[in-house]
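The numbering of the sequence shown is this note's numbering, which starts it at 83 and goes up by one.
No residue lacks a Cβ here, since even glycine has one placed at the ideal position from N, Cα and C.
Just below is one structure, and these are the notes that go with it.
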Amino acid sequence: MKTIDILVAALLVIGGLNWGLVAFANFDLVAFIFGMSFGETSILSKAVYGLVGISAIYQALFIKNIQRRWGVK
(Lines of atoms letter the chains of each structure in order from A and count residues from 1; the text may use other names and numbers.)
(Lines give C-alpha, C1' and ligand atoms only; values in the text may rest on other atoms or scores of the structure.)
Protein backbone atom coordinates (compact mmCIF):
# COMPACT_ATOMS: atom_id res chain seq x y z
CA MET A 1 0.00 0.00 0.00
CA LYS A 2 2.91 2.39 0.54
CA THR A 3 3.61 2.26 -3.21
CA ILE A 4 0.07 3.45 -3.91
CA ASP A 5 0.49 6.20 -1.30
CA ILE A 6 3.63 7.44 -3.08
CA LEU A 7 1.96 7.30 -6.50
CA VAL A 8 -1.05 9.20 -5.17
CA ALA A 9 1.20 11.85 -3.60
CA ALA A 10 3.13 12.26 -6.87
CA LEU A 11 -0.09 12.65 -8.87
CA LEU A 12 -1.40 15.22 -6.40
CA VAL A 13 1.83 17.22 -6.71
CA ILE A 14 1.58 17.07 -10.51
CA GLY A 15 -2.05 18.20 -10.35
CA GLY A 16 -1.26 20.99 -7.91
CA LEU A 17 1.65 22.25 -10.00
CA ASN A 18 -0.48 22.15 -13.13
CA TRP A 19 -3.26 24.18 -11.49
CA GLY A 20 -0.72 26.65 -10.15
CA LEU A 21 0.72 27.10 -13.63
CA VAL A 22 -2.78 27.55 -15.05
CA ALA A 23 -3.58 30.21 -12.45
CA PHE A 24 -0.34 32.17 -12.49
CA ALA A 25 1.12 31.61 -15.96
CA ASN A 26 -1.90 30.64 -18.09
CA PHE A 27 0.05 27.49 -18.98
CA ASP A 28 -1.35 23.94 -19.00
CA LEU A 29 1.61 21.61 -18.41
CA VAL A 30 -0.37 18.43 -19.09
CA ALA A 31 -1.61 19.76 -22.44
CA PHE A 32 1.93 20.87 -23.29
CA ILE A 33 3.39 17.43 -22.48
CA PHE A 34 0.93 15.83 -24.90
CA GLY A 35 1.60 18.41 -27.64
CA MET A 36 -1.65 20.34 -27.32
CA SER A 37 -2.61 23.95 -26.76
CA PHE A 38 -3.96 25.36 -23.51
CA GLY A 39 -7.34 23.83 -22.68
CA GLU A 40 -7.22 21.07 -25.31
CA THR A 41 -7.66 17.49 -24.17
CA SER A 42 -6.93 14.05 -25.53
CA ILE A 43 -7.50 10.56 -24.22
CA LEU A 44 -4.07 10.65 -22.54
CA SER A 45 -4.54 14.04 -20.91
CA LYS A 46 -8.01 13.03 -19.72
CA ALA A 47 -6.43 9.91 -18.20
CA VAL A 48 -3.90 12.07 -16.32
CA TYR A 49 -6.63 14.44 -15.09
CA GLY A 50 -8.78 11.46 -14.08
CA LEU A 51 -5.92 9.83 -12.16
CA VAL A 52 -5.25 13.11 -10.34
CA GLY A 53 -8.94 13.30 -9.39
CA ILE A 54 -9.04 9.70 -8.21
CA SER A 55 -5.86 10.36 -6.21
CA ALA A 56 -7.50 13.29 -4.46
CA ILE A 57 -10.52 11.16 -3.55
CA TYR A 58 -8.26 8.35 -2.29
CA GLN A 59 -6.23 10.79 -0.20
CA ALA A 60 -9.34 12.41 1.27
CA LEU A 61 -11.06 9.14 2.13
CA PHE A 62 -8.05 7.27 3.51
CA ILE A 63 -5.92 9.98 5.10
CA LYS A 64 -6.04 8.36 8.56
CA ASN A 65 -5.04 4.95 7.15
CA ILE A 66 -2.19 6.54 5.20
CA GLN A 67 -0.94 8.35 8.29
CA ARG A 68 -1.08 5.13 10.30
CA ARG A 69 0.88 3.22 7.61
CA TRP A 70 3.60 5.87 7.62
CA GLY A 71 3.69 6.20 11.40
CA VAL A 72 2.33 9.75 11.51
CA LYS A 73 0.32 10.54 14.62
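Unbroken alpha helix (DSSP H) run spanning Asp110, endpoints: Here the question's residue 110 lines up with position 28 in the sequence shown. Per DSSP, Asp110 belongs to no alpha helix (DSSP H) and is neither H nor E.
Of the listed residues Asp87, Ala92, Met83, nearest to Val130 (C-alpha basis): Residue mapping note: residue 130 aligns to position 48 of the sequence shown, counting from 1. Taking only the C-alpha atoms, the option nearest Val130 is Ala92.
Sequence-distant residues of its chain with Cβ nearer than 7 angstroms to Phe116 (five each side left out): By one-based count along the sequence shown, residue 116 stands at place 34. For Phe116, where only same-chain residues beyond five positions count, the Cβ hits under 7 angstroms are Ser124, Leu126, Ser127.
8 angstroms contact criterion, which Ile136 and Asp87 should meet: CB distance rounded: Taking the first residue of the sequence shown as 1, we reach residue 136 at position 54. Taking the first residue of the sequence shown as 1, we reach residue 87 at position 5. That belief does not hold up - the Cβ atoms of Ile136 and Asp87 are roughly 14 angstroms apart, past 8 angstroms.
4 or more residues per run - each alpha helix (DSSP H) lying fully within the segment 90 to 148: 111 to 115
Rounded distance between the beta-carbons of Ala113 and Gly121, thought under 8 angstroms: Here residue 121 refers to the residue found at position 39 of the sequence shown. Here residue 113 refers to the residue found at position 31 of the sequence shown. Correct: roughly 7 angstroms between the Cβ atoms.
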